[in-house]
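Chemist:
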């Protein structure tokens, strides 16, 4: 078999947010949901 797919790299990748069911730009969600205070202790002194 053979499969082909075209990906438009100029269009932002959309995804469903892990809570709330909002659909939008995956990159924006990842940046908005960051919590450095949660994992900062793991990276201190690394």
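Numbering (the UniProt record's numbering), first residue to last: 1 to 46. Beta carbons are placed, not taken as given, at the ideal position from N, Cα and C, and that holds for glycine.
State the Cα-Cα distance for the pair residue 72 and residue 27, rounded to the nearest angstrom.
Modeler: Coverage of the chain is limited to positions 1 through 46, which leaves residue 72 absent and any answer about it impossible.
Chemist: What residue does the alpha helix (DSSP H) around residue 14 start on, and which one ends it?
Modeler: On the chain shown, position 14 is the one that residue 14 refers to. It is not in any alpha helix (DSSP H) - residue 14 instead sits in the beta strand (DSSP E) that spans 14-16.
Chemist: What's the gap between the Cα of residue 35 and the Cα of residue 22?
Modeler: Position 35 of the chain shown, counted from the start, is the residue given in the question as residue 35. Position 22 of the chain shown, counted from the start, is the residue given in the question as residue 22. In a straight line, the C-alpha of residue 35 is about 19 Å away from that of residue 22.
Chemist: Among 5, 10, 17 and 2, which has the Cα closest to the Cα of residue 50?
Modeler: An answer regarding residue 50 cannot be provided, because it is not within the stretch 1 to 46 covered by the chain.
Chemist: Thinking C-alpha only, which one of 4, 41, 11 and 1 is nearest residue 25?
Modeler: Start at 1 with the first residue of the chain shown, and residue 25 comes out as number 25. Answer by Cα proximity: 11.
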